[in-house]
Amino acid sequence: MMDKRTPLEKVLHALNYAVVTAVSLMCLYPMLHVLFASLSDPMRLLAHRGLLLWPQGFSLKGYQAVLSNPNILSGYMNTIIYLAGGLVVSMVLTPLGAYALACKDYPFRNVLVFLFVFTMYFSGGLIPNFLVIKNLGLYDSRWAIILPTAVSTYNLIVMRTAFSSVPGALQESACLDGANDFVILYRIYIPCIRATMAVVCLFYAVSQWNSWFNSMIYLQSSSKWPLQLWLREILINSASGGTSDDADALYLQELIRYAVIIVATVPILVVYPYAQKYFMKGVMLGSVKG
Amino acid sequence: MKRAINRPRKSLWARMKKHKYIYLMLLPVVIYYIVFHYLAMGGLVIAFQNYKPKLGILGSKWVGLKHFEDFLTGKYAWRVIRNTLVLNLYLLLFGFPAPIILALLMNELRDNAYKKTLQTVSYMPHFISLVVVCGLLVDFSMSDGLFNNVLALFGFERTNLLGSNQYYRTVYIVSNIWQNVGWNSIIYLASLSSVDNSLHEAAAIDGAGRLRRIWHVNIPAILPVIVIQLIMRIGNLMSQGYEKTILLYSPVVYETADIISSHVYRYGLEKTNYSYGAAVGVFNSLVNLVFLCTANQVSRRLTETSLW
Amino acid sequence: MKKILVLVLALVMLAGMACAEVAYPIVGEGDEPITLTVFSINKISDNVSNYNETAFFRHLEEATGIHIEWEHPAVSGLQEAMNLLTLRDKLPDIIMCGNLYNGGEYQGVADGCFVDLSEYLPEYGPDYWSLITQSDEYYRASANADGVVPAFRIVKPVADPPYHYMLFNMDMLAGLGCELPVYIADYEPVFQKMLEAGITPYMPPKTGYEKTLMGAFDVREGFMLDADGSVIYGQVQEGFRQYLTLMHDWYEKGYISKDFMASSNSTNNTLFDTGAIGTYSAAVVAAYNRGQKAGFEVSAAPFARQYNGQQLHWYDYDISPIVIHNEAVAVISTDCENIEAAVQWLNYCYTEAGSNLACWGVEGEAYNVVDGRRVYTDLIMNNPNLTTTNASYYYKMHVWPKLNEPDVVCHADLLKSEGALNSRLKWANETYFDSAYVLPSVTLSEDDLNTRTEIMSDIETYVNEMTLKFITGEASLDEFDSFVEQVWDSGLQEVLDIMNAAYADYMNIKAPQK
Chain A
0 MMDKRTPLEK VLHALNYAVV TAVSLMCLYP MLHVLFASLS DPMRLLAHRG LLLWPQGFSL
60 KGYQAVLSNP NILSGYMNTI IYLAGGLVVS MVLTPLGAYA LACKDYPFRN VLVFLFVFTM
120 YFSGGLIPNF LVIKNLGLYD SRWAIILPTA VSTYNLIVMR TAFSSVPGAL QESACLDGAN
180 DFVILYRIYI PCIRATMAVV CLFYAVSQWN SWFNSMIYLQ SSSKWPLQLW LREILINSAS
240 GGTSDDADAL YLQELIRYAV IIVATVPILV VYPYAQKYFM KGVMLGSVKG
Chain B
0 MKRAINRPRK SLWARMKKHK YIYLMLLPVV IYYIVFHYLA MGGLVIAFQN YKPKLGILGS
60 KWVGLKHFED FLTGKYAWRV IRNTLVLNLY LLLFGFPAPI ILALLMNELR DNAYKKTLQT
120 VSYMPHFISL VVVCGLLVDF SMSDGLFNNV LALFGFERTN LLGSNQYYRT VYIVSNIWQN
180 VGWNSIIYLA SLSSVDNSLH EAAAIDGAGR LRRIWHVNIP AILPVIVIQL IMRIGNLMSQ
240 GYEKTILLYS PVVYETADII SSHVYRYGLE KTNYSYGAAV GVFNSLVNLV FLCTANQVSR
300 RLTETSLW
Chain C
0 MKKILVLVLA LVMLAGMACA EVAYPIVGEG DEPITLTVFS INKISDNVSN YNETAFFRHL
60 EEATGIHIEW EHPAVSGLQE AMNLLTLRDK LPDIIMCGNL YNGGEYQGVA DGCFVDLSEY
120 LPEYGPDYWS LITQSDEYYR ASANADGVVP AFRIVKPVAD PPYHYMLFNM DMLAGLGCEL
180 PVYIADYEPV FQKMLEAGIT PYMPPKTGYE KTLMGAFDVR EGFMLDADGS VIYGQVQEGF
240 RQYLTLMHDW YEKGYISKDF MASSNSTNNT LFDTGAIGTY SAAVVAAYNR GQKAGFEVSA
300 APFARQYNGQ QLHWYDYDIS PIVIHNEAVA VISTDCENIE AAVQWLNYCY TEAGSNLACW
360 GVEGEAYNVV DGRRVYTDLI MNNPNLTTTN ASYYYKMHVW PKLNEPDVVC HADLLKSEGA
420 LNSRLKWANE TYFDSAYVLP SVTLSEDDLN TRTEIMSDIE TYVNEMTLKF ITGEASLDEF
480 DSFVEQVWDS GLQEVLDIMN AAYADYMNIK APQK
């Protein structure tokens, strides 16, 4: 990249760094607050107000309470199962649908887009959806967590936009070729939008990781509950300790609240850089075009 | 959409057969939507009934538009609708460009390792539970809290920010933007990363400075993404969840803080009135859909990008 | 001879029916023990995955002979789980949170989901039956006007003392040279001294409704009874104007924190513990325990009165011998194939042996008798694997439909510290407060409930907003009259008529004659 830097550009460059750094620091603070709070001695934590710049005292009781809970391991295992299953289903269905919708000029294309988008606004409600799951025989089955969220209309649209933006692509012929070229096109277009694929994959993964509501209503066996649901249970059960008169229980609840966030988020932080390298420019070697 | 002239119009079936592989690709997706969305869609009808779970949908009494009337003629209907719209409009005005600007700025950084670290840090607030974030906000908004300390530095009078109609919206909106700007910028970063380097080189050779290059190369490249995101955002103008409001508001700021969802939440506290909640939901969704279709049409005229 | 025999037989039968007793353990037909399915949250999911693993339920199974298969829904989703329960093909036999049914447990019976227990109780649940029919007061809280008894609830003949008071840091008061305020007029000088010392004197609740102070002016928040026994609405009474005047006066003088409307319970606890505020209303034992850890003495102020000799009528804690608790309203579903056994199983905890087991546990395991008093063992008080709170659900069952003894007698958490217990008992024997103005919880018909919700939803929004504005001065107290008028114009009378009718029906319920 040519590097002609006028003084103005140098100032702008420095300003750029400054602004982005400032924003990042403001975004970093709450996570640090949570981390420090989770490690603090609860009594000193509760006596503290304002910014938390380092742990107040030291205590691992929060983590002990959360991690020694026998259900955490089962929760993690289940979440990984749902994650893997969900990603496989979603990343097969979504590109198929997105590519097809990116093609134009075939009957009912706009109708289908509208019908898909419609589902982002209107839903039958809790009870009718429950009845559908039940009548399909999926109640208390892991498929009830994987299938209903298989395709997210939002992600579908994002991927479709990316397909449409591939330069010089998707002429009429591309959308008309027979079964043979189907696979070849697939092998070309998907790598073209590698960054968007990574992002959509990330969105599905995070959504599945954070979800607990469907598990709460569809899974009767607690052996199938995912991590987030158990974390909520731990927090709420310790809250009833908070209404008790035992000061220790009240303090513990505070610690648990923070420890729970760290336990739930650390895996994401660990895995994230692997997804990030696909959409942060700088590692983009090789051409974009096929 | 261009059609070649002088070509005879084929029959519908023939045209569909021509694209049969497209339909094949769409089939599993269509099945998904039918099974997991449309089969249950009939449940919307409870918005027009006095639904009781025991009687089921077929057995519950039909009341037509009664719940809609109840909602819209309520004493505070206008206030909560107005508050919802105002919050969302501010969020649109400030919260929509913020991730785009952040993505553009980040994209310009040279140092790869630093850039990636900053980006990772920027999305972290998204994962902090609302309860904790609101706990922080409540503490910082107190008369002797962090925000007031900063305000006092600039000569403003100390006042509880969440207890004041003047400041409540600001706290709500700014915290919303801050919590989501990093996460929302990811989609733009992804689009920016597919901008061909050679375009930048060509522009640089032609003498374009940094800003010019951003304006002429980067932004056009991500414009389709921006437009689609904008359309979908406009389609959410009536939506604002109740959890954050419940955690932050108090009756003294109902005038600016009470929104549709928190109002319905209080209404439903005594008894689970499914039909009322469903009716309000249908009303919201209808208005949202109207906004969405309008935005889509406008976008279709002005740009080449639209949802349909 | 034959006649005498018949007479004797008849007498024996009569005697048997009059004092029906259930013979525990209950033996089923064949070799298999009777099995019932029970839907209940697991309060100690940290320690056991299934209630059958606890000591209490093992003892219970031994005693009753009935085996339970548990279904433990997520605590965080209990209400949703209840809402979806009716969509199943078969309901669990017993549901422990029956009051969460859409519309209440009476509606559950009306809908045909739950069993009307009144048919079964005399024969299969005699201990519970004799408890709830012992007086009109007990019966009203257990059945409706049609004599339907939908559930087994906690029966607590002896009430616990109050636990929620205005709390003060005694060390702080000593330092300022003050004593605990007794009358409303005593509060100002104490507040003044606190203000001068740089402490924010008083943090009211977020809503602005301070129960004890309102009670001194004879008003309560929401629906209440007046001196004649009619239902009235507290916030439109003259006493409420007086209360608001007092609060506004204190706000103007700086005695009330400017942040009170946006604060939270945990922030208030922190402020109190660090000495930033002088007083607030909260649970006394929790604050006492926290104070002990922080190194200061916490004490409760007596319920405020305007003058010596005033009788307070607002007291509303533990005033009914029948306690409604989300996890202890046990209903039996109509899908149950052995309703008699279910009733008998639930009845056990109302027998002397059962009540003892649920309140105390097993002698030797959970408690020992020392000098004639019961003392909990280390298994409960000092267990390395169980917190005391959780132990109360493992070796005994703290919250369960049973014949209950007061917390101050048998709740392990409270008995840990003598000082904590005494802080709660401090004003327990005072006689100047009663519950004459407290409206008992009456059930409304569905239509009435809908009407009330429709009208009161907007009224409450208005009233709650205005209350805070009156206190802070944003609205002038001169406008109180027009405020009251506005409330009446919004349809309050219609709701009061409904409430009065429901209350009259409620008071007309009489226990069945023996």
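Keeping their order, the protein sequence lines are chains A, B and C.
Residue numbering for the first sequence follows numbering that gives the first Met the number 0, starting at 0 and increasing by one per position.
Residue numbering for the second sequence follows numbering that gives the first Met the number 0, starting at 0 and increasing by one per position.
Residue numbering for the third sequence follows numbering that gives the first Met the number 0, starting at 0 and increasing by one per position.
Note that the Cβ used here is the ideal one computed from N, Cα and C, for glycine as well.
Taking every protein chain shown into account, the CB of methionine 193/C has 16 or more other CB atoms within 10 angstroms, so this residue is buried.
Just so you know, the alpha carbons of leucine 218/A and arginine 141/A end up roughly 8 Å apart. The beta carbons of glycine 96/A and leucine 146/A sit about 15 Å from each other, so the pair does not count as a contact at 8 Å. Look at the beta carbons and you see the region 156-167 of chain A touching the region 194-201 of chain A: at least three pairs across the two are nearer than 8 Å. Contact of arginine 231/A with chain C by beta-carbon distance below 9 Å involves Ala73, Val74, Ser75 and Gly76.
Only those residues of the region 142-160 of chain C whose C-beta falls short of 8 Å from the nearest C-beta of chain A would be listed, and there are none.
With respect to chain C, the C-beta atom of leucine 228/A has a partner C-beta closer than 9 Å. Counting C-beta pairs with one atom in each stretch, the region 377-395 of chain C and the region 78-91 of chain C have fewer than three that are closer than 8 Å, which means they do not touch. Nearest neighbour of phenylalanine 290/B by Cα position, chosen from Gly280/B, Lys17/B, Ile233/B and Ser260/B, turns out to be Ile233/B.
Bridge pairing for valine 297/C: Asn168/C [DSSP]. Distances from the alpha-carbon of glutamate 336/C to those of Lys89/C, Ser39/C and Tyr50/C put Lys89/C closest.
Beta-bridge partners of lysine 60/B (DSSP): Asn49/B.
Contact with chain C is absent for asparagine 209/A, since none of that chain's Cβ atoms lies less than 9 Å from the residue's Cβ.
The C-beta of glutamate 429/C comes no closer than 9 Å to any C-beta of chain B. In the three-state DSSP reduction, alanine 282/C falls in the strand class (E or B).
Interface criterion met: the Cβ of asparagine 101/C is under 9 Å from a Cβ in chain B. In the DSSP assignment, isoleucine 231/C falls within the beta strand (DSSP E) that extends over 230-232. Per the coordinates, the alpha-carbon of glutamate 303/B lies some 21 Å from the alpha-carbon of phenylalanine 115/A. Chain-ordered, the chain A residues with CB closer than 8 Å to the CB of threonine 119/B read Leu268, Tyr271, Pro272 and Gln275. Short of 7 Å from the beta carbon of lysine 223/A, and not among the five residues preceding or following it, lie these beta carbons of its own chain, in chain order: Asn77 and Arg141. Residues of the region 46-59 of chain A whose Cβ lies closer than 9 Å to any Cβ of chain C, in chain order: Ala46, His47 and Arg48.
Per DSSP, glutamate 31/C is not a residue of any beta strand (DSSP E), being assigned neither H nor E. Taking 7 Å as the upper bound on Cβ-Cβ separation, chain B lies near residues Thr452, Glu453, Ser456, Asp457, Thr460 and Asn463 of the region 450-463 of chain C.
The beta carbon of leucine 175/C sits closer than 7 Å to the beta carbons of Lys192, Met193 and Ala196 from its chain, once the five residues preceding and following it are set aside; these are given in chain order. One thing to note: tryptophan 313/C has its Cβ no nearer than 9 Å to the Cβ of methionine 165/C.
The Cβ-Cβ distance between valine 29/B and leucine 111/A falls below 9 Å. Excluding the 5 residues flanking it on each side, methionine 506/C has no same chain C-beta neighbour closer than 7 Å. In chain order, Arg139 and Ala144 place their CB closer than 6 Å to the CB of isoleucine 508/C, counting only its own chain and leaving out the 5 sequence neighbours on each side. Arginine 289/C reaches chain A at Met42, Leu45, Ala246, Leu249 and Tyr250, counting residues in chain order whose Cβ is nearer than 9 Å. The straight-line gap separating the alpha-carbon atoms of glycine 56/A and proline 41/A is approximately 8 Å.
Annotation for threonine 442/C: Gly103, Tyr105 and Asn143 place their beta carbon closer than 7 Å to its own, counting only its chain and skipping 5 residues before and after. In this structure, leucine 385/C sits near asparagine 46/C, with a CB-CB distance shorter than 9 Å. Taking a Cβ-Cβ threshold of 9 Å, the residues of chain B close to threonine 264/A are Met123, Phe126 and Ile127, in chain order. Take the alpha-carbon of leucine 23/B and the one of leucine 103/B: they are about 39 Å apart.
Judged by beta-carbon spacing, asparagine 449/C lies within the 9 Å limit of asparagine 272/B, meaning their Cβ atoms are closer than that value. Rounded to whole angstroms, the separation of the alpha carbons of glycine 58/B and tryptophan 12/B is 42 Å.
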